[in-house]
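Just so we're aligned, residue 67 is where the sequence shown starts under the working numbering, counting upward by one.
Structure first, then comments.
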Amino acid sequence: MSKRKRLILIVAVVALLGLLLGGPIYERLHPRAGWPRGVTLGSASVGGVYFIWAGGWGQIITDVVRVPASVEVTGGPVHNIRLVQAREAHFGFATNAPLYEGWHGQGWAAGTRHADIRAIFPMYSSGVHWYALEASGIASTAQLAGRRVGTGPVGGTPATYFPLFLEALGIRPGATVNAGFTDLTSQMRDGLLDAIGWIGGVPMPALMELEATHRVNIFGFTDAEVAAITARYPFFARHIIKAGTYRTQTADILGLAVWNMAITHKDMDEDLVYAVVRATFENLDRLIAVHPTAREVSLNNVGLSVIPYHPGAVRYFRERGITVPTHLLPPPAPR
């Protein structure tokens, strides 16, 4: 080959590489080109399990997927659904109760369907219970009538559903207070609050801290109360919080439970979602070290979602031999 032809060939190759590096072919060969420089994770208030979980999960994303992840303090599940729907957060955590209502435009969603949210993996079950200082004398749900009750920040699952639970039971508290659980627990210590309702991973961090300094009553519901609540809100289920879950808990507590899901937007890059889901399941030991609820994370729970999965998650599940139920597959794109 002459020097002239060799030079022409080199120029042609360089030109072709330039086209590849600047066009969609490059993006297919190097999927990271379409990824955000960093991702935000919608969690909940400080002192709750979501916040702790998000810190551990975000570190996995940062270390393994190599995309910096930052944790955003939010109002909780309802707030996270709104943030993800509006593309103001890349990922978030939510319980099945507000996810179901948001997807269908019911309940808190008030006729507005949040149809752009997608599940990416099942997390853990959230226990439902109350707690109060022993000195208050409150040890049952019925005794909450006329009392000051804390239910977490606006937009969280507790703040959304505890008032509905009490309404279903015909119980009228004297006042309902909304704030983060660390703040609410401090108010209880100071005598400004009578009881607090919790929906989340158990054991609850703020309650465990309270146990170290105060005598507390941890209580749930009666059989009749559980039946009344689940009849009206079937995405909650009867659940037993085993004795010893909390240091001072000596007997089983009858409560409720609802599943938690990690979510994203339907238009989130498929390769990124795949990488995040894969990194999560391949580093469960790290999540378990952050909070024991991560022991519940399992591919066997894929069918527990109430909204469809993102294509990136489905790809990983299928690689692992998991069949995703038809009703949880991504909806076809409109033509």
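All C-beta atoms in this analysis are idealised placements derived from N, C-alpha and C, irrespective of residue type, glycine included.
Note that the structure is predicted; figures quoted are calculated from it, not measured.
- Of the candidates R281, E348, W119 and P134, the residue whose Cα lies closest to the Cα of A160 is W119.
- When the five nearest sequence neighbours on each side are left out, the beta carbons in the same chain lying within less than 6 Å of the beta carbon of H156 are those of V105 and T106, in order along the chain.
- For the region 321-358, the continuous alpha helix (DSSP H) assignments of 4+ residues that do not extend past its boundaries occur at 336-348 and 350-356, in sequence order.
- Of the residues I307, I237 and Y299, the one whose Cα lies closest to the Cα of G286 is I307.
- A152 sits in coil when the DSSP states are folded into three classes, being neither helix nor strand.
- Within the region 246-284, the complete beta strand (DSSP E) runs of at least 3 residues fall at 261-266.
- The beta carbons of D129 and K332 sit about 27 Å from each other, so the pair does not count as a contact at 8 Å.
- For G168, the enclosing alpha helix (DSSP H) has its first and last residue at N162 to H170.
- For a cut-off of 8 Å, the C-beta gap from A241 to R214 is around 5 Å, short enough to register as a contact.
- Separation of the CB atoms of Y190 and T330 is rounded to 18 Å, and the pair is thereby denied contact status at 8 Å.
- A contact is defined here as three or more CB-CB pairs under 8 Å, and the region 202-219 meets this definition with respect to the region 259-267.
- Contact between the region 192-205 and the region 173-181 is absent: fewer than 3 CB-CB pairs across the two stretches fall below 8 Å.
- Judged by their CB atoms, A317 and A309 are nearer to each other than the 8 Å cut-off.
- Taking 8 Å as the upper bound for CB-CB distance, G141 and V194 are not in contact here, some 18 Å apart.
- One thing to note: T223 has its Cβ within 8 Å of the Cβ of P164.
- Within 10 angstroms of the beta-carbon of L394 lie 16 or more other beta-carbons, which makes it buried.
- In chain order, T106 place their CB closer than 6 Å to the CB of S136, counting only its own chain and leaving out the 5 sequence neighbours on each side.
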